[in-house]
Structure formats: structure tokens, C-alpha cells
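Below is one structure, written out as C-alpha cells; the observations come after it.
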Amino acid sequence: MAQVVASRPVHGSFVCASAGSAKKSSIDELKPSALPSKFFRAKEQQKNKRFLRNVTVMVKRSLRAEPEVLPVSPEDLPKREEEFQHLRGVQLGNTAVGMWSKPTVRRKTKIVCTIGPSTNTREMIWKLAEAGMNVARLNMSHGDHASHQKVIDLVKEYNAQSKDNVIAIMLDTKAGFLGPEVRSGDLPQPIALTNGQEFTFTIKRGVGTDSCVSVNYDDFVNDVEVGDMLLVDGGMMSLMVKSKTEDSVKCEVVDGGELKSRRHLNVRGKSATLPSITGGNLDWDDIKFGVDNKVDFYAVSFVKDAKVVHELKDYLKSCNADIHVIVKIESADSVPNLHSIITASDGAMVARGDLGAELPIEEVPLLQEEIIRMCRSMGKAVIVATNMLESMIVHPTPTRAEVSDIAIAVREGADAVMLSGETAHGKFPLKAVKVMHTVSLRTEATMTENDTPPNLGQAFKNHMSEMFAFHATMMSNTLGTSIVVFTRTGFMAILLSHYRPSGTIFAFTDDERVRQRLALYQGVCPIHMDFSNDAEESFNNALSFLQKQGMVKEGEEVALVQSGKQPIWRLHNGESREGQSSMARAARGLLSRAAREQLVALAPREGRTACARAMKRPPVRRVREPRESSLCEHAARVRVMTDIAISASLCNNDSIEGDQTLVDRPISD
Ligand SMILES: Nc1ncnc2c1ncn2[C@@H]1O[C@H](COP(=O)(O)OP(=O)(O)OP(=O)(O)O)[C@@H](O)[C@H]1O
Ligand SMILES: CC(=O)C(=O)O
47 MAQVVASRPV
57 HGSFVCASAG
67 SAKKSSIDEL
77 KPSALPSKFF
87 RAKEQQKNKR
97 FLRNVTVMVK
107 RSLRAEPEVL
117 PVSPEDLPKR
127 EEEFQHLRGV
137 QLGNTAVGMW
147 SKPTVRRKTK
157 IVCTIGPSTN
167 TREMIWKLAE
177 AGMNVARLNM
187 SHGDHASHQK
197 VIDLVKEYNA
207 QSKDNVIAIM
217 LDTKAGFLGP
227 EVRSGDLPQP
237 IALTNGQEFT
247 FTIKRGVGTD
257 SCVSVNYDDF
267 VNDVEVGDML
277 LVDGGMMSLM
287 VKSKTEDSVK
297 CEVVDGGELK
307 SRRHLNVRGK
317 SATLPSITGG
327 NLDWDDIKFG
337 VDNKVDFYAV
347 SFVKDAKVVH
357 ELKDYLKSCN
367 ADIHVIVKIE
377 SADSVPNLHS
387 IITASDGAMV
397 ARGDLGAELP
407 IEEVPLLQEE
417 IIRMCRSMGK
427 AVIVATNMLE
437 SMIVHPTPTR
447 AEVSDIAIAV
457 REGADAVMLS
467 GETAHGKFPL
477 KAVKVMHTVS
487 LRTEATMTEN
497 DTPPNLGQAF
507 KNHMSEMFAF
517 HATMMSNTLG
527 TSIVVFTRTG
537 FMAILLSHYR
547 PSGTIFAFTD
557 DERVRQRLAL
567 YQGVCPIHMD
577 FSNDAEESFN
587 NALSFLQKQG
597 MVKEGEEVAL
607 VQSGKQPIWR
617 LHNGESREGQ
627 SSMARAARGL
637 LSRAAREQLV
647 ALAPREGRTA
657 CARAMKRPPV
667 RRVREPRESS
677 LCEHAARVRV
687 MTDIAISASL
697 CNNDSIEGDQ
707 TLVDRPISD
């Protein structure tokens with residue numbers, strides 16, 4: 047069960063660097079002088095209209111800080127050791143206030159960085175984290191367990207030291223047991239392939255010469271045919287199959303380039319039909335490695351159907367591993383099964399590299415949009431990946447098309463955008479993160495509520511938790527507040543994230559794993575905190591933490607949401623009810639009986655029934671239709687729900703008995 051507790055102003059004596067200063071409008075702050083003034087006039091008018099609408103319901107807008115956009119300059123990476131030391135000092139808590147300059151906070155769209163030779167040191171992990179990385183991705187197709195272990199340890203070290211920032215860890219499994227991923231083998235150094243030259247792929251192991259390289263898939267020779275077009279790295283190079291022998295495929299280079307170690311190989315229009323490679327152990331080694339290291343996510347390559355996701359989830363359950371599964375949509379075969387695959391998973395990655403090699407390339411943007419829409423409608427996380435800032439592997443500034451690509455993914459509502467080679471082996475990994483940060487932040491700042499992709503409200507309105515999240519979002523949007531959520535399992539924070547509230551979701555959790563996992567979700571700023579038995583104390587601790595860190599300002603209103611079968615205002619099962627927190631009592635007393643009856647009348651039918659039950663009275667008649675988007679309505683609903691939830695859980699111990707409409711699905715939090 048979940049409760050929206052209250053909206054509450056922040057008080058305290060802490061004055062952070064920017065507190066109290068009159069805030070310029072976001073438009074002024076973000077306005078680059080070169081943009082046409084007409085554009086901004088229209089935006090201001092739109093904004094004023096919204097403001098007036100709010101005024102009619104007598105709501106004071108909050109002082110929520112607007113996002114700041116950092117300029118991206120073409121200078122090289124900051125290399126100074128002092129700067130690193132300063133960052134370290136900040137993280138270690140040497141600076142008391144005003145450290146809320148961290149880019150990770152105001153930006154909602156998260157950044158996944160692939161860690162490789164350019165970034166696998168302590169210094170670089172630290173710098174990436176400070177520049178805006180939210181998730182560190184380890185690609186198990188490259189490197190070995192020892193090198194990945196080192197990175198995992200470094201990320202955990204960072205997390206342990208960082209009070210206000212956290213990095214999730216994602217293992218990208220190489221295919222094997224889980225599906226066909228065909229790759230060329232290792233080469234001592236890159237080979238230049240020129241158009242028209244002959245080149246051979248062999249299933250013999252360990253070959254890597256100027257004219258021949260191994261492939262990792264034994265049936266390669268059987269599955270390709272003369273006339274097939276082989277694509278290297280999703281089409282960066284292509285080779286036509288000219289002839290075959292028992293163990294080799296002879297090709298003519300059609301589009302040449304530089305062939306490096308362990309490149310993806312696809313057969314145009316055919317890879318999807320290659321039978322899955324079964325029986326390999328390597329992937330399971332990687333999965334066990336992830337379990338041992340308590341990573342947060344697996345990104346599972348080449349998922350073709352839901353079966354493999356169930357199989358993996360069953361395995362994780364059997365070893366009590368709390369790891370979420372992100373399916374990589376990269377095979378043409380996965381497309382007809384998208385719905386069931388995504389349903390079985392915790393989220394999806396639009397892996398555009400292989401997708402673009404398996405399907406006509408012009409389908410990729412359409413599929414990206416569709417996958418994001420599907421994930422959003424199902425409440426699953428979604429990541430857009432590959433080539434987002436490809437040119438920055440070698441150049442210090444991105445192409446304009448790449449910038450647009452990021453903006454599109456943000457507008458479409460992705461939880462996260464991903465960097466691959468840019469951070470793994472590129473020359474400008476930090477700059478790439480900064481560009482991604484800046485472009486995402488800038489794009490988010492121009493998104494109005496209308497631009498926000500449709501939320502889950504319609505799909506899930508029958509369920510108590512979703513009702514809370516939906517109305518809490520609407521209320522915080524109308525009030526212009528951030529949301530502070532207390533969650534032990536992360537469920538409520540993730541749910542709120544899916545509704546895409548316009549304010550930051552500050553998610554307080556007493557579980558380090560949950561804190562780490564929440565780093566992936568759009569708009570969520572996860573913070574670890576031990577909960578007190580007295581909820582009022584937990585609320586105050588959270589608010590003073592936020593204020594100390596400069597995350598909220600004195601006088602700013604926040605919406606407090608808490609959730610779960612293990613709510614923070616109630617002691618665990620079996621423990622005394624003496625400990626009923628003052629907040630529970632306060633929330634119960636939010637409304638007078640008369641006001642409650644009036645609000646019951648405003649609430650939706652299910653709410654009226656449940657509330658009346660909780661109040662042990664027959665349902666009251668609805669007196670008027672609620673007005674959509676009205677603050678009164680949302681506040682009324684959340685307060686009624688708070689009241690119902692508190693009364694019901696006090697009476698019924700965890701559920702609102704008898705109201706199947708509101709408790710028709712198990713609540714995982
Ligand atoms: N751990 C690593 N060690 C060495 N090189 C790496 C590592 N991780 C990534 N790279 C390099 O960075 C490149 C881009 O990374 P990326 O994860 O996109 O790999 P990829 O080969 O394109 O596979 P995938 O399709 O799984 O993303 C790799 O091709 C590889 O050259
Ligand atoms: C990320 C990945 O695996 C792809 O784009 O193919």
C-alpha cells in the first residue's frame with residue numbers, strides 16, 4: 047500500500063549558496079541570446095497561462111530551482127590533478143554546503159557510460175561520476191573478469207564515499223547461451239581492409255592475420271551462403287560472400303575500413319534466423335559473476351522471446367539475487383515478441399547497432415519510438431543506445447545530428463541514453479558525458495507537460511499504489527514542488543518516475559542496493575538514509591539533508607510520499623503499535639470529519655467506497671464531477687487516499703479488505 051502523506055514547506059536555519067535569491071524564470075536562465083525572441087515570447091505566454099490557472103486554485107508556486115545549463119566548450123579534457131582532488135574533497139564531505147552543483151541532479155534523463163580502456167581507472171570513474179554518469183556499463187564481450195571486477199570495486203568505492211550521488215552497475219552479457227551473437231576474433235592489431243580485396247572468416251580458433259580471422263560461431267559456414275552480405279559492426283564495413291569451404295568463408299570487401307578485434311558480424315536480412323547457440327557456459331559464468339558482485343542490472347543480448355528472460359529470472363530467484371533484467375532489443379526476431387519480452391523484463395534497451403544491421407536502417411527510429419512508447423505504457427525502464435555521440439570517439443565536439451539524436455530520445459521519454467565507444471575507448475569520454483548532460487538538460491527544460499509522453503494514469507488507475515503515484519504527480523506538478531519519497535524496495539520511486547513528475551523525485555531508502563538501482567530511473571535522485579521508528583523524525587532528517595546539500599531551499603514546498611507494506615510510519619509486523627508515529631496521527635488528523643465527507647464525495651467511486659468502509663459508514667453519494675487537473679481534486683484525492691490508507695492499515699493490517707478494486711493486484715513494495 048502507498049500513502050501520499052502531505053505537501054510540506056521546508057524550514058530550517060541552513061542557508062545554502064543560492065537560497066533566498068530571487069530566481070529568474072527558467073526561460074531567462076536558459077535563453078541563449080541567439081534564439082529568436084518570438085520563441086521565448088510564446089514560451090513565456092504558455093508559462094503565464096499555466097501560472098494563472100494555478101492562481102485560480104490559490105496555489106503559491108514553489109521556489110524550486112530551475113535546471114542550469116552548463117555550456118559545452120571545445121576545450122580538451124580537464125586534466126589537472128587539483129581538480130580531481132577537489133572533486134574528491136567534495137565527495138568526502140570536506141565542503142559543508144552548496145555542493146549541489148552536481149549535474150546528476152537536475153537532469154532527469156540518466157546517462158549510461160560503457161567503461162573500457164579510456165575510463166577504467168579510479169580517477170576516470172570518479173570524474174565520469176562527477177560529470178554526470180549514472181550507470182556504469184560493463185560489456186562482457188570485451189575485457190576479462192579481473193578487469194571488470196576492478197571497475198566494479200571502483201564504482202562501489204565511489205558509492206560508499208559519495209553522499210549525494212550514486213552509480214548503478216550494469217553487466218552487458220555477451221550472447222552464448224542466451225542467443226546468437228556472432229563476432230570476429232582477436233587481432234594483434236587492426237587490419238585495413240580495402241574495397242575489392244579478398245578476406246576470409248574461419249571457424250578455426252585463434253586465427254588473426256591480415257587476410258583471415260576467426261569467428262566465434264561454429265555454424266557460421268553452414269548458415270551463410272554465397273551472395274550473402276556480411277556486415278561488420280552493424281554496417282561500418284561490408285563484405286560479399288564469394289565461396290565457402292568446410293571451415294572458411296571467402297569474401298570480397300565491398301565497403302572497407304579498419305577491422306579491429308571482436309567485431310559484430312551480421313548477415314544482412316538473415317542473422318535473426320540463425321539458430322540460438324545453446325550449451326555454452328560462458329554466459330552463465332558472466333551471470334554468476336554478476337550475482338557474486340551484486341550488480342544492479344543485466345543487459346541481456348539478443349533476446350528473441352520471453353522464455354530466456356523467465357529462465358534468467360528463475361535462476362536469479364533461486365540464488366536470491368536482486369538483479370533487474372534489461373532486455374536488449376537488437377534482433378529482428380524480437381520485434382514480433384516485443385510485448386511479451388518487455389512484459390517479462392524490468393526494462394529494455396534499444397540496441398540500435400545490431401537492430402540497424404538486422405532490419406532496414408530506416409526502421410530503427412520508428413522502432414525506437416515504439417519501444418519507448420511500449421516501455422512507458424508498461425511502466426518499464428527504457429534506454430536508448432549506440433552511436434549517440436559516435437564522432438566524439440575521435441573528435442572533441444559532436445555532430446549536430448548527434449545532438450539532435452539525444453534530444454529526440456529525451457523527448458520520446460527514455461529513462462536513459464547510453465555512451466558506448468565514446469567512453470569505453472574514445473579520446474574525449476568526459477566531454478561526451480558533458481555533451482549528453484547538457485543536451486538532455488536543455489531539452490528537458492523546454493518540455494512542457496503536453497510534450498511529456500502519455501503517463502500510466504489511464505492504465506493503472508485501479509490500483510492503489512498507482513493512484514497514489516498518479517495523484518501525487520499531478521499535485522506536485524500543479525504546486526511546482528519536488529517529491530520526497532520514502533521507499534524500502536524502490537517500488538514507489540520507480541512508479542513515480544514512470545509518471546514523469548516535473549519536479550525531482552528525491553528517493554530516500556534504507557537499502558544500499560535499492561539506492562544504487564534507482565540511479566537508472568528518469569527523474570529519481572536516490573539517497574540512502576536509515577529510517578527512524580518515528581516517521582516525523584525521518585521526514586525531518588530527510589528534509590534537513592536536502593536542505594544541507596542545497597537540494598531544496600528554505601520555504602520551498604515538497605510533496606512527501608511514502609509507500610509500501612513496510613511503510614516508514616508504522617513498525618514492522620509483530621512490533622508494538624505503541625510506536626505509531628506522530629506523522630500517522632497527524633496525517634489521520636489532516637481532515638475534519640465534515641471535510642472528509644465532502645472530500646469523499648469528490649473522490650472517485652472506488653475511493654468513496656473504500657473510504658466509507660474505512661470510516662465504517664455507508665458510501666456517500668457523489669455530489670459533483672471532479673474537475674480534471676484541478677489542484678483541489680488531486681489534493682482531495684490524495685488526502686482521502688491517505689486517510690483511507692492509514693485508517694485501513696490501522697484496522698486491517700496491511701490491506702484494505704474487501705475492496706478488490708483497490709487491491710486487485712499484489713503490491714510488491
Ligand atoms: N572492457 C573493455 N575492454 C576493452 N575494450 C572495450 C571494453 N568495453 C568496450 N570496449 C571497446 O569499446 C567498443 C564499444 O563498446 P560497446 O560496448 O559498444 O561494444 P560493441 O563491440 O559494439 O558491442 P555491443 O554490441 O555489445 O555494444 C568495443 O567495441 C570495444 O572496442
Ligand atoms: C548496444 C548494442 O549492443 C547494440 O547497439 O547493438
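Counted from 1, the sequence shown has number 386 at position 340 by our numbering; the numbering is strictly sequential.
Positions of the beta carbon are idealized from the N, C-alpha and C atoms, including for glycine.
As the structure is a prediction and not an experimental result, all values here were calculated from the model.
Which of the three DSSP states, helix, strand or coil, is assigned to residue 384?
In the structure shown, residue 384 sits in a helix (DSSP, three-state: H, G or I).
Rounded straight-line distance, which links the Cα of residue 561 to that of residue 580:
Near 21 Å, if we compare the C-alpha coordinates of residue 561 and residue 580.
Neighbour-count burial assignment, residue 224, 16 or more Cβ in a 10 Å radius:
For residue 224, the pLDDT reaches just 39, beneath the cut-off of 50, and the residue's location in the model is therefore unreliable, leaving the point undetermined.
Among the candidates 294, 286, 312, whose CA atom is the shortest distance from the CA of residue 302?
If we check each option's Cα against that of residue 302, 286 comes out closest.
For residue 156, count neighbouring Cβ atoms within 10 angstroms of its own Cβ and tell me buried if that reaches 16, exposed if not.
With 16 or more other Cβ atoms inside 10 Å of its own Cβ, residue 156 counts as buried.
Under 6 Å: does the beta carbon of residue 219 sit that close to some heavy atom of ligand 4?
Among the ligands modelled here, namely ligand 1 and ligand 2, ligand 4 does not occur.
Report the three-state DSSP secondary structure of residue 558 (helix, strand or coil).
In the three-state DSSP reduction, residue 558 falls in the helix class (H, G or I).
Give a yes or no on contact between the stretch 456 to 466 and the stretch 420 to 435, applying the rule of three or more CB pairs nearer than 8 Å.
The stretch 456 to 466 vs the stretch 420 to 435: in contact.
Where the beta strand (DSSP E) through residue 238 begins and ends:
Element bounds for residue 238: 237 to 239.
Taking the straight line between their C-alpha atoms, what separation do you get for residue 187 and residue 397?
Straight-line Cα distance between these residues: approximately 15 Å.
Near residue 293, what residues of its chain come up, given a Cβ to Cβ distance below 8 Å and the 5 sequence neighbours on each side ignored?
248, 249, 250, 267.
For the alpha helix (DSSP H) that residue 191 lies in, which residues bound it at each end?
Its alpha helix (DSSP H) spans residues 191 to 207.
Verify the contact flag: residue 409, CB atom, against every heavy atom of ligand 2, threshold strictly below 6 Å.
Taking the Cβ of residue 409 as the reference point, every heavy atom of ligand 2 lies at 6 Å or farther away.
Euclidean distance between Cα positions of residue 170 and residue 482:
If I take the Cα positions, the gap works out to 17 Å.
Buried or exposed by the 16-neighbour rule on C-beta atoms within 10 Å, applied to residue 236
Exposed, since its Cβ has fewer than 16 Cβ neighbours within 10 Å.
Measuring only from the beta carbon, is residue 22 closer than 6 Å to any heavy atom that is part of ligand 2?
Because the chain here runs from 47 to 715, residue 22 falls outside it and cannot be looked at.
Residues near residue 489 by beta carbon distance below 7 Å, same chain, minus five either side
Only 453, 456, 457 meet the Cβ criterion.
Cα separation between residue 492 and residue 548?
In this model, residue 492 and residue 548 are separated by some 12 Å (Cα to Cα).
Considering residue 356, what are the terminal residues of the alpha helix (DSSP H) in which it resides?
In the DSSP assignment, residue 356 falls within the unbroken alpha helix (DSSP H) covering 352 to 364.
State the DSSP-derived secondary structure class of residue 608, mapped to helix, strand or coil.
Here residue 608 sits in strand by DSSP.
How long is the line joining the alpha carbons of residue 300 and residue 273, rounded to whole angstroms?
Approximately 12 Å, taken between the alpha carbons.
In DSSP terms, what residue 491 is bridged to
Partner residues in a beta bridge of residue 491, as assigned by DSSP, do not exist.
Residue 376 CB to nearest heavy atom of ligand 2 below 6 Å
Relative to ligand 2, the nearest heavy atom lies less than 6 Å away from the CB of residue 376.
Return yes when at least one heavy atom of ligand 2 lies under 6 Å from the C-beta of residue 399, else no.
Relative to ligand 2, the nearest heavy atom lies less than 6 Å away from the CB of residue 399.
Please confirm if the stretch 371 to 383 is in contact with the stretch 591 to 609, defined as three or more CB-CB distances below 8 Å between the two stretches.
Contact fails: fewer than three Cβ-Cβ distances are below 8 Å.
Would you mind stating whether residue 568 and residue 210 have Cβ atoms separated by less than 7 Å?
No.
To which residues does DSSP link residue 419 through a beta bridge?
Paired residue(s): none; residue 419 is not in a bridge.
Considering only residues of the same chain and omitting the five flanking positions on each side of residue 576, which have a CB-CB separation below 6 Å?
Apart from the 5 residues on each side of it in sequence, residue 576 sits with its Cβ closer than 6 Å to the Cβ of 556 in its chain, given in chain order.
On the criterion of 16 or more Cβ atoms from any shown chain inside 10 Å, does residue 230 qualify as buried, or is it exposed?
Residue 230 is classed as buried because its beta carbon has at least 16 other beta carbons within 10 Å across all chains shown.
Does the Cβ of residue 241 have 16 or more other Cβ atoms within 10 Å, making it buried, or fewer, making it exposed?
Exposed is the call here.
Is residue 188 near ligand 1 - that is, is its Cβ less than 6 Å away from at least one heavy atom of it?
Flag set: Cβ of residue 188 near ligand 1.
Cβ atoms of residue 219 and residue 347: under 7 Å apart, would you say?
Yes.
With which residues is residue 185 paired in a DSSP beta bridge?
Looking at the DSSP assignment, residue 185 forms a beta bridge with 218.
Compare the C-alpha of residue 213 against each of 258, 234, 184, 280 and name the closest.
That would be 184, whose Cα lies nearest to the Cα of residue 213.
Would you check whether ligand 2 has a heavy atom nearer than 6 Å to the C-beta of residue 431?
Residue 431 Cβ: within cutoff of ligand 2.
To the nearest angstrom, report how far apart residue 176 and residue 460 are at their CA atoms.
Their Cα atoms are separated by approximately 22 Å.
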